[in-house]
Amino acid sequence: MHWEYALGICTGNMVRERQTTYDAFWFPRQVGKGFEMVASMCRAGWFPQGLLALLMALGWLVCQPLHAQESLPLLAQQLLGPSFELRLQAVAKTGMLGAQGQPAGPALIEALKCERIDAITGSGPQFSALRQQIGATLSGLATEIAPLLQQSVHDRNGLVRVWCAYALINADAQNTGDVLRVLVEALQQPPEVAADAGMALELIGEPAQGATMALMERLRGDDFAVRANATLALAAVAQPDAENELRTFLGSGGVAAICAAFALQRVVPSASEDALVAIKRGLQSSVPQERVQAVWAIGQMGPQAAPLAGDLVDNFERLQPEPTAYWFGQLGRLGVDPAMALLATGASQESKLLELLSHKSSRVRVMAASALIQRNAVHAGVVRPVLQAAMQAPNRDVSFVASRVYLLQILAREPEIGPLIQALKMDLGFSPVPMIVAQRGAAALGPLRGVVLGGDGRAAGQAVEALAAMGPVAIPTLKQLLTSQQDGVRLFAATALGKIGEPALSLLADALQDESYAVRRIARYGLAAIGTEPALHALQQVNQNGKCCGRTR
């Protein structure tokens with residue numbers, strides 16, 4: 225499979241969930257990082273449909289019949305466990321069970337609280353994507369667990385209230401009543417809850433039009449994520465008769481005017497010109513927050529904002545690149561990167577961008593180079609030296625963006641694998657490097673094996689991600705690594721096998737006899753994640769035999 229196609233599958237139409245915590249994506253587990261990034265960026269409505277396909281594509285969800293009686297106890301345990309990957313799988317599998325998943329209702333609701341704990345402790349970000357999927361799964365069970373959902377909309381946890389209310393409305397849009405008030409009240413809660421409430425209202429759409437005025441009030445909020453989510457929700461729920469109120473905001477100035485302009489052009493298409501004028505005014509503002517909000521609006525409008533493309537490029541000197549937009553190379557839901565916003569409009573602006581490659585500011589040069597190379601690979605020759613120089617810039621945002629664009633747009637297109645392996649060794653994690661390397665297939669197996677044997681734990685961890693992404697083709701190489709005398713090498717091999725899943729079942733079962741406790745532990749996790757009858761039988765057998773349970777090393 226070509227790397228661009230594979231990367232496209234993984235990135236999809238990405239959207240970021242919230243700015244304040246999204247900008248600090250640091251996780252201890254690499255695959256958890258990568259997929260949580262993908263999950264958190266999915267546009268409203270894409271996640272429930274794309275989750276199963278993506279899990280299966282990555283080998284994290286075994287494609288086989290599920291039996292509620294056998295699966296529910298394990299799913300309930302995984303829903304409340306510490307592993308993001310297992311929780312994600314459990315949510316997806318519970319949804320596959322349909323009405324038979326009813327007994328998992330309480331665990332699903334409790335899992336909403338787990339996500340908040342993750343956010344507070346720093347072991348995970350405040351992602352709405354998993355909560356969105358839980359809400360969708362609860363919606364499918366709404367008839368069976370209606371009393372539980374009705375009770376949970378009064379829960380002390382704001383996130384539980386939001387997504388249980390969403391589930392009830394989504395299941396029966398004709399009877400919003402008191403439940404809609406729960407979401408309206410949630411808009412006044414702390415940013416984490418308010419941002420999710422905006423997302424839920426956007427997903428509900430027209431049946432939530434009763435929240436229009438409450439959403440308008442949030443356009444004046446201080447929190448960017450809440451403001452942006454409220455704007456997107458307003459554009460989805462407001463009706464044309466809200467035009468006068470939106471125009472009042474349009475004339476008030478500030479970030480609220482820009483947000484109102486975005487909503488106005490969605491709700492009343494004939495008012496698009498007035499909306500563009502307001503957004504252009506924000507782009508030229510002396511207030512940084514207004515310029516950022518204008519960039520966001522342009523990016524979200526896409527081709528409808530093409531008339532502002534020239535103004536956007538003209539203001540590059542007054543704007544900042546957004547590093548987080550470059551982990552996966554796509555504008556997110558809350559994306560404010562100028563180059564990515566320009567790309568979203570579909571406008572070329574090549575002549576202006578080529579001129580900016582010689583700008584005195586490395587920041588401007590990088591934004592111009594990024595837009596050019598992502599628009600057309602023919603510019604690789606002229607962009608390469610600009611990016612290479614910017615990678616040494618003292619400004620960390622500039623150097624990071626330059627290195628990421630260089631990786632995704634230059635190195636990933638070259639036939640040699642050596643530079644990619646070097647990038648893998650140098651990478652700090654949470655990046656598309658392993659996935660890009662994995663797309664090189666058998667040619668990457670030898671170099672990746674060398675990285676695992678090389679003794680650099682961080683680089684070996686990245687190699688594990690690449691090997692796991694390659695799937696069954698990597699199993700012979702991992703089998704060789706399992707024979708290593710080094711505990712760490714065997715541990716890395718077992719980790720990759722666990723991520724590959726069922727095709728590696730026999731090797732994971734063998735690893736239950738490993739002399740290293742850490743290897744045995746990883747093998748147990750891998751088999752539990754597979755969850756098939758043979759996998760669970762292997763775990764049961766080793767426990768009955770009294771092996772694998774003690775810690776000898």
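Quick note on the numbering used here: the sequence shown kicks off at 225 and runs consecutively.
Note that beta-carbon positions come from the ideal geometry of N, C-alpha and C, so glycine has one too.
Predicted, not measured: the structure shown is a model, and the values here were computed from it.
Between residue i and residue j, what straight-line distance do the alpha-carbon atoms span, to the nearest angstrom?
i           : j           : result
residue 626 : residue 362 : 42 angstroms
residue 407 : residue 389 : 7 angstroms
residue 723 : residue 465 : 52 angstroms
residue 320 : residue 313 : 11 angstroms
residue 492 : residue 530 : 18 angstroms
residue 646 : residue 620 : 20 angstroms
residue 426 : residue 415 : 16 angstroms
residue 733 : residue 705 : 15 angstroms
residue 453 : residue 420 : 8 angstroms
residue 284 : residue 691 : Any reading at residue 284 must be qualified, since the residue scores a pLDDT of 39, below 50, and its modelled position is unreliable; no value is offered.
residue 562 : residue 471 : 26 angstroms
residue 539 : residue 532 : 11 angstroms
residue 669 : residue 685 : 15 angstroms
residue 474 : residue 502 : 7 angstroms
residue 597 : residue 694 : 27 angstroms
residue 665 : residue 765 : 35 angstroms
residue 727 : residue 504 : 55 angstroms
Can you list, in chain order, the residues of its chain whose CB lies under 6 angstroms from that of residue i, leaving out five sequence neighbours each side?
i           : result
residue 711 : 740
residue 372 : 329
residue 434 : 404
residue 718 : 735, 743, 746, 747
residue 550 : 625, 628
residue 397 : 431
residue 214 : In the structure displayed, the chain extends from 225 to 777; residue 214 sits before or after that span and is not available.
Residue i by DSSP, collapsed to three states: which one?
i           : result
residue 623 : helix
residue 738 : coil
residue 645 : helix
residue 670 : helix
residue 385 : helix
residue 169 : Because the chain here runs from 225 to 777, residue 169 falls outside it and cannot be looked at.
residue 605 : helix
residue 569 : helix
residue 760 : helix
residue 405 : helix
residue 564 : helix
residue 581 : coil
residue 511 : coil
residue 679 : coil
residue 462 : coil
residue 708 : coil
residue 594 : helix
residue 574 : helix
residue 479 : helix
residue 398 : coil
residue 555 : coil
On a Cα-Cα basis, can you pick out the residue from the options that is closest to residue i?
i           : options            : result
residue 432 : 701, 725, 463, 416 : 463
residue 213 : 561, 560, 558, 594 : Nothing can be reported for residue 213: it is not among the residues displayed for the chain, which extend from 225 to 777.
residue 381 : 368, 366, 335, 392 : 335
residue 357 : 522, 456, 414, 423 : 423
residue 498 : 483, 510, 512, 511 : 483
residue 519 : 569, 470, 758, 642 : 569
residue 548 : 576, 656, 603      : 656
residue 614 : 638, 584, 524, 642 : 584
residue 481 : 441, 449, 315      : 441
residue 300 : 766, 752, 716, 525 : 752
residue 324 : 369, 384, 359      : 369
residue 512 : 580, 543, 759, 310 : 543
residue 713 : 673, 316, 398, 337 : 673
residue 677 : 715, 659, 644, 304 : 715
residue 508 : 536, 765, 709, 523 : 536
residue 618 : 586, 505, 721, 490 : 586
residue 384 : 606, 516, 331      : 331
residue 638 : 622, 601, 611      : 601
residue 623 : 611, 633, 632      : 611
Can you give me the Cβ contacts of residue i inside the same chain, cut-off strictly under 8 angstroms, excluding the 5 residues immediately before and after it?
i           : result
residue 273 : Because the pLDDT of residue 273 is 38, which lies under 50, any placement of that residue in the model is unreliable, and the number read from its coordinates should be weighed accordingly. For residue 273, where only same-chain residues beyond five positions count, there are no Cβ hits under 8 angstroms.
State the CB to CB distance for the pair residue i and residue j, rounded to an integer number of angstroms; the pair is presumed to be in contact (CB under 8 angstroms).
i           : j           : result
residue 565 : residue 555 : 7 angstroms
residue 675 : residue 667 : At roughly 14 angstroms, the Cβ-Cβ gap does not stay under 8 angstroms, so residue 675 and residue 667 are not in contact.
residue 428 : residue 376 : Not a contact, Cβ separation roughly 17 angstroms.
residue 780 : residue 461 : The first residue shown for the chain is 225 and the last is 777, placing residue 780 beyond what the model contains.
residue 567 : residue 599 : 6 angstroms
Quick one: residues in its chain with C-beta nearer than 7 angstroms to the C-beta of residue i, no 5 flanking neighbours on either side, listed in chain order?
i           : result
residue 391 : 359, 362, 363, 366, 373
residue 450 : 415, 418, 419, 422, 442
residue 302 : 310, 311, 313, 314
residue 758 : 729
residue 635 : 643, 644, 647
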